[in-house]
């Protein structure tokens, strides 16, 4: 019935991927959005909230809620910046830094698993196509 529906099929895929990533981040007591957000902060300490939202392609309000959760877990701190008095830089805590390699390894394991299922060429091609389609809808 919905074989040619991009909405239905991408949401079905998203639900399946959500389950896979939920398992990957479960040992860290993080949801997939929190896991990816923390990985972004670890990759670019000092990132502004607006930059993080842009990087993750989410609304600033969504970034705020995610950061609130990470802050409550003691994994990030918001610090004043010298360049923009209205925004805060996001810094990982020592606890987050201790998780850095383990988070990357868990994410790498999921990526390797998916590449094994689909084949590397199909996997990488799909990611590039998904990014291209998304950019056309912005």
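Residue numbers (my numbering): 52 to 189. Positions of the beta carbon are idealized from the N, C-alpha and C atoms, including for glycine.
Leaving out five residues before and five after residue 131 in sequence, what residues of the same chain have Cβ atoms less than 7 Å from its Cβ? 139
Can you find the residues in the same chain that come closer than 7 Å, C-beta to C-beta, to residue 84, ignoring five residues on each side of it along the sequence? Taken in chain order, the residues that qualify are 117.
With C-beta atoms as the reference, is residue 121 less than 9 Å away from residue 89? yes
Close Cβ partners of residue 148 (< 8 Å) along its chain, the five nearest in sequence each way excluded: 93
What is the rounded straight-line gap between the Cα of residue 153 and the Cα of residue 126? 14 Å
In whole angstroms, what separates the C-alpha of residue 97 from that of residue 106? 13 Å
Residue 161 and residue 75 - do their beta-carbons sit closer together than 9 Å? yes
Are residue 181 and residue 108 close, meaning C-beta to C-beta below 9 Å? no
Euclidean distance between Cα positions of residue 164 and residue 55: Going by the C-alpha atoms only, they are around 27 Å apart.
Just to confirm before moving on: does the CB-CB distance between residue 99 and residue 91 stay below 9 Å? no
Coarse secondary structure for residue 140, derived from DSSP in three states: strand
So what does residue 66 bridge to, in DSSP terms? DSSP lists no partner for residue 66.
Between residue 40 and residue 187, is the Cβ-Cβ spacing less than 9 Å? No statement about residue 40 is possible, as the shown extent of the chain runs from 52 to 189 and does not include it.
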